[in-house]
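To keep things clear, I will list the structure first and then write my remarks on it.
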Amino acid sequence: MICPFCGYDNLPGEESCMYCGQALTSLDVPQPRDELGEALMESKVKELRPQKPVTVLPNTPVREAIRRMVDFNIGAVLVVNETGQLLGIFSERDLLMRVVGQHEQFENLSVSMFMTPKPEGVHPDHSVLFAVHKMDAGDYRHLPVVRDNRPLGVISARDILRFVAHYL
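If you're matching positions, the sequence shown starts at 5 in our numbering and goes up one per residue.
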């Protein structure tokens with residue numbers, strides 16, 4: 005990193021300039037390399053136009069959650085309490101990994117038994133890059149968009165794919 009105070013070319017990651025001693029930590033902000041990088045950093049989650057959330061209550065039978073996923077052509081439903089607070093997410097991955105082949109006659113069991121509790125979420129004003137990072141770090145395909153722990157929408161890996169494709 006080049007010191008803006010004296011022009012010395014420091015090693016990347018240096019906390020202070022090796023020549024003049026000025027602090028460099030607040031200056032080491034990632035810079036986009038191309039139009040896509042800039043868009044990821046500058047665009048907000050709300051610009052992805054998150055799908056309206058499809059919600060179920062914790063005691064909803066698994067068969068009903070599956071039916072809603074198929075009817076709405078989505079990969080996940082959000083599990084909320086009676087006041088609309090987000091409790092969990094039940095996704096196609098939960099179905100495949102936690103239900104099918106693991107439990108006989110699962111269709112009448114409550115979705116809360118198989119949901120991912122307390123899912124990570126993003127705020128509509130977070131950057132798209134922040135959402136991508138959360139999805140990558142947690143290996144999530146679906147991410148609730150929340151405000152005050154109330155779901156406003158859901159973004160998916162497919163939404164990110166469409167966003168990226170726009171800049172290619």
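For every residue, glycine included, the Cβ atom is placed at its ideal position computed from N, Cα and C.
Since residue i is in the alpha helix (DSSP H), which residue starts that stretch and which ends it?
i	result
A69	V66 to D75
G125	From DSSP, G125 is part of no alpha helix (DSSP H); its letter is neither H nor E.
Between residue i and the ligand HEM, is the CB less than 8 angstroms from at least one heavy atom?
i	result
M73	Among the components of this structure there are no ligands whatsoever, and the ligand HEM is therefore not found.
Rounded to whole angstroms, what is the Cα-Cα separation between residue i and residue j?
i	j	result
E124	L147	7 angstroms
C7	F134	28 angstroms
P65	L113	5 angstroms
R166	M22	44 angstroms
V60	V103	17 angstroms
K122	L90	7 angstroms
Return the first residue and the last residue of the beta strand (DSSP E) that residue i is part of.
i	result
H146	H146 to R151
I175	A question about residue 175 goes unanswered here, because the residues of the chain that appear run from 5 up to 172.
R162	Premise fails: R162 lies in the alpha helix (DSSP H), A161 to H170, not in any beta strand (DSSP E).
If you reduce the DSSP assignment to three classes, tell me which class residue i lands in.
i	result
V58	coil
V104	coil
I6	strand
R53	coil
D98	helix
Select from the options the residue whose C-alpha is nearest the C-alpha of residue i.
i	options	result
E68	L91, S95 and P8	S95
L99	V84, V115 and F167	V115
M119	S47, V149 and G92	G92
A43	T29, V132 and P16	V132
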